[in-house]
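Take a look at the structure below.
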Amino acid sequence: MNFRKPKGTKDILPKEIYKWHFVEKTIREVTDLFNFSEIRTPTFEYTDLFKRGVGAETDIVGKEMYTFLDKNGDSLTLKPEGTAPVMRAFLESGIYGEQNLHKLYYLTGMFRYEKPQAGRYREHTQFGGEILGSNSIYTDVELILMAKEVYNRCGINNFKIKLNSIGKPEERRNYIKILKDYLRDHLNELSEESKKRYESNTLRVLDSKDSGDRQITDSAPKIIDHMGTESRQRFHDVVNELTRLGAECEIDFRIVRGLDYYTDTTFEFVSSDLGSQDALGGGGRYDGLIEQLGGKPCPGVGFGSGIERIIIVAEKNGFTFGEPGNPLVYFIALNEEARKVAFAAALSLRQNNISSETDLLGRSFKAQMRDANKMGVKYVYIIGEDEIKKGMGILKNMSDSSQIEVSFDKIRENIV
Ligand code: HAM
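Residue numbering for the sequence shown follows this note's numbering, beginning at 4 and increasing consecutively.
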């Protein structure tokens with residue numbers, strides 16, 4: 004029987020894992036520099052968390068969740084996004100009350116039953132950051148700058164930061180009425196999807212990719228013109244600070260985001276290297292979410308970014324992700340006794356943080372040499388019958404082919 008991986012998933016094979024390690028390492032370095040702490044939540048949650056947190060009318064909850072009943076009859080869902088689980092853990096653990104400000108990040112698999120295409124998977128790995136406890140514009144700014152720093156360190160500089168504000172809930176409610184009034188006259192011309200969204204999630208008509216819809220919404224009233232002075236000022240302050248700090252952004256009224264919890268700032272990093280799934284990352288504020296999930300009012304802002312998309316864009320930009328890691332020393336053993344010596348010497352190097360390899364297939368000298376070459380090791384250490392007698396092997400430097408005799412217990416001292 005032939006088994007295949009489930010549709011929309013992927014294997015990351017050893018020959019490309021170094022790219023993932025590079026991006027993951029970069030994320031951990033940058034989150035450290037910005038003083039974020041990692042938080043890990045379960046792979047699945049009770050389904051109601053997402054219905055309540057993300058919104059029943061959203062695509063994620065309405066169409067894309069991997070939901071199942073467990074043997075106890077409880078409805079569980081593989082996490083399609085990270086914010087609601089982090090908020091749940093934040094409230095449930097009590098870290099909520101321990102200090103005023105929390106800067107959290109995660110790097111984890113997420114699951115959405117979407118139609119797979121380039122850059123869109125049913126399982127993706129997401130890096131996300133959340134700042135809880137402050138509604139200072141500097142929290143929005145810091146998150147955007149942190150994401151930008153990760154992208155830059157992965158060789159990605161050609162993205163656009165698109166920024167919008169969807170205002171406070173009451174401003175948004177009011178604006179949605181105005182938007183609906185405008186769209187009502189064009190209802191017949193809208194795409195089928197947007198007709199549905201007109202009722203259920205009106206704001207999302209603005210981010211439709213359909214060119215007819217976009218023509219109609221080009222002239223639609225803009226929320227920025229229907230917000231109070233405070234919200235508008237806040238938005239301009241975010242834009243100005245980002246610009247001052249070298250993160251040029253573009254104001255785009257279409258960035259309304261697909262999740263219900265957003266308030267005020269919404270943003271996306273977009274890259275033309277991604278094709279139609281052009282969001283490298285995205286996020287925004289969610290000042291009402293914690294209260295909605297049963298906590299005391301607590302402002303928050305966050306973002307998420309798919310690692311797969313970071314790798315796609317970095318590769319298109321010719322980024323090399325460093326070199327795949329190679330062992331430093333390869334032990335070539337020519338008989339059984341030599342193999343024993345080689346195995347012990349390799350172990351001793353490894354215990355001293357020097358990566359090394361031995362031949363585990365009992366191959367000929369030539370085949371072992373070929374293997375060592377293929378791995379790109381810096382040294383081979385050859386042990387044959389004579390070497391066993393002398394207690395000394397031959398250490399060959401592969402870069403200049405020079406070789407010296409080195410006793411079995413002095414290998415470490417002779418490699419650089
Ligand atoms: P999102 O825009 O749904 O936001 O996802 C964030 C990022 O995850 C996207 O920009 C994209 O890079 C990646 N992504 C999402 N779905 C897929 C997929 N099917 N395949 C590959 N990559 C994907 C959120 O999830 C919010 N929780 C972000 C957030 C955090 N907002 C506030 N805090």
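Even for Gly, the Cβ is constructed at its ideal location relative to N, Cα and C.
Remember, it's a predicted structure, so these values are computed and weren't measured experimentally.
| field | DSSP-derived helix/strand/coil call for residue 154 | value | DSSP, reduced to helix, strand and coil, places residue 154 within a helical segment of the structure shown.
| To the nearest angstrom, how far is it from the Cα of residue 214 to the Cα of residue 284? | 23 angstroms
| message | Using the Cβ count rule (16 or more neighbours within 10 Å means buried), how would you classify residue 1? | response | For residue 1 there is no data in the structure shown, the boundaries of the chain being 4 and 419.
| request: Return the residue from the list 291, 289, 271 that minimises the CA-CA distance to residue 282. | output: 271
| query | Looking at C-alpha atoms only, which residue of 218, 111, 238 is the closest neighbour of residue 227? | reply | 238
| Alpha carbon of residue 295 to alpha carbon of residue 304, nearest angstrom | 15 angstroms
| Residue from 247, 408, 197 with nearest C-alpha to residue 392 | Of the candidates 247, 408, 197, 408 places its Cα closest to the Cα of residue 392.
| Anticipated Cβ contact below 8 angstroms, residue 190 with residue 208, distance rounded | With 8 angstroms as the limit, residue 190 and residue 208 do not qualify as a contact, their Cβ atoms being about 10 angstroms apart.
| Does the Cβ of residue 80 have 16 or more other Cβ atoms within 10 Å, making it buried, or fewer, making it exposed? | buried
| message | Could you check whether the segment 84-95 touches the segment 30-46, counting it as contact only if at least three pairs of C-beta atoms, one from each stretch, sit closer than 8 angstroms? | response | yes
| request: Helix, strand or coil for residue 102, going by three-state DSSP, please let me know. | output: coil
| request: Within its chain, find whatever has a CB closer than 6 angstroms to the CB of residue 210; leave out the 5 residues flanking it on each side and keep chain order. | output: 257, 259
| message | Quick check: what's the CA-CA separation for residue 138 versus residue 52? | response | 24 angstroms
| said: Assuming residue 400 is part of the beta strand (DSSP E), what are its boundary residues? | reply: 395-400
| query | Does the distance from the CB of residue 362 to the CB of residue 336 come in under 8 angstroms? | reply | yes
| query | When DSSP builds the beta bridges, which residues end up paired with residue 133? | reply | 107, 305
| said: Check this for me: beta carbons of residue 358 and residue 330, under 8 angstroms apart or not? | reply: yes
| task | List the DSSP bridge partners of residue 334. | result | 361, 384
| Can residue 124 be considered in contact with the ligand HAM, in the sense that its beta carbon sits closer than 7 angstroms to one or more heavy atoms? | yes
| message | Quick check for students: name the residue ranges of the alpha helix (DSSP H) that lie wholly in the segment 230-317, counting only runs of 4 or more. | response | For secondary structure counted as the alpha helix (DSSP H) over 4 or more consecutive residues, the segment 230-317 holds these complete runs in sequence order: 232-247, 292-295.
| query | Should residue 150 go down as buried or exposed, given a rule of 16 or more other Cβ atoms within 10 Å for buried? | reply | buried
| Can residue 153 and residue 15 be called in contact, C-beta distance under 8 angstroms? | no
| field | Neighbourhood of residue 119 by C-beta, 8 angstroms cutoff - its chain only, sequence neighbours within 5 removed | value | 10, 11, 125
| task | Answer yes or no: do residue 49 and residue 96 have a C-beta to C-beta separation smaller than 8 angstroms? | result | no
| query | Terminal residues of the continuous beta strand (DSSP E) containing residue 80? | reply | 78-81
| request: Starting from the N-terminal side, write out each stretch of the beta strand (DSSP E) that is 3 residues or longer and does not extend beyond the segment 37-82. | output: 47-49, 70-72, 78-81
| Buried or exposed (CB count within 10 angstroms, at least 16 for buried), residue 147 | buried
| query | Under the criterion of a Cβ to heavy atom distance below 7 angstroms, does residue 312 qualify as lining the ligand PLP? | reply | Judged by which ligands are present, the ligand PLP is missing from the structure shown, whose ligands are the ligand HAM.
| message | I'd like the list of long-range same chain contacts for residue 314, defined as Cβ closer than 6 angstroms, with 5 residues on each side in sequence excluded. | response | Non-local C-beta neighbours of residue 314 in its own chain, meaning closer than 6 angstroms and more than five positions away in sequence, comprise 22, ordered along the chain.
| Beta carbon of residue 241 nearer than 8 angstroms to that of residue 143 | yes
| said: Please report the straight-line C-alpha distance between residue 390 and residue 397, rounded to a whole angstrom. | reply: 8 angstroms
| field | The beta strand (DSSP E) enclosing residue 167, as first and last residue numbers | value | 163-168
| query | Using a threshold of 7 angstroms, is the CB atom of residue 282 nearer than that to any non-hydrogen atom of the ligand HAM? | reply | yes
| Cβ-based neighbour list, residue 172, same chain, cut-off 7 angstroms, excluding 5 preceding and 5 following | 266, 291
| request: Pick helix, strand or coil for residue 214, following the three-state DSSP scheme. | output: helix
| task | Can you grab the Cα-Cα spacing for the pair residue 204 / residue 178, in whole Å? | result | Taking the straight line from one Cα to the other gives about 13 angstroms.
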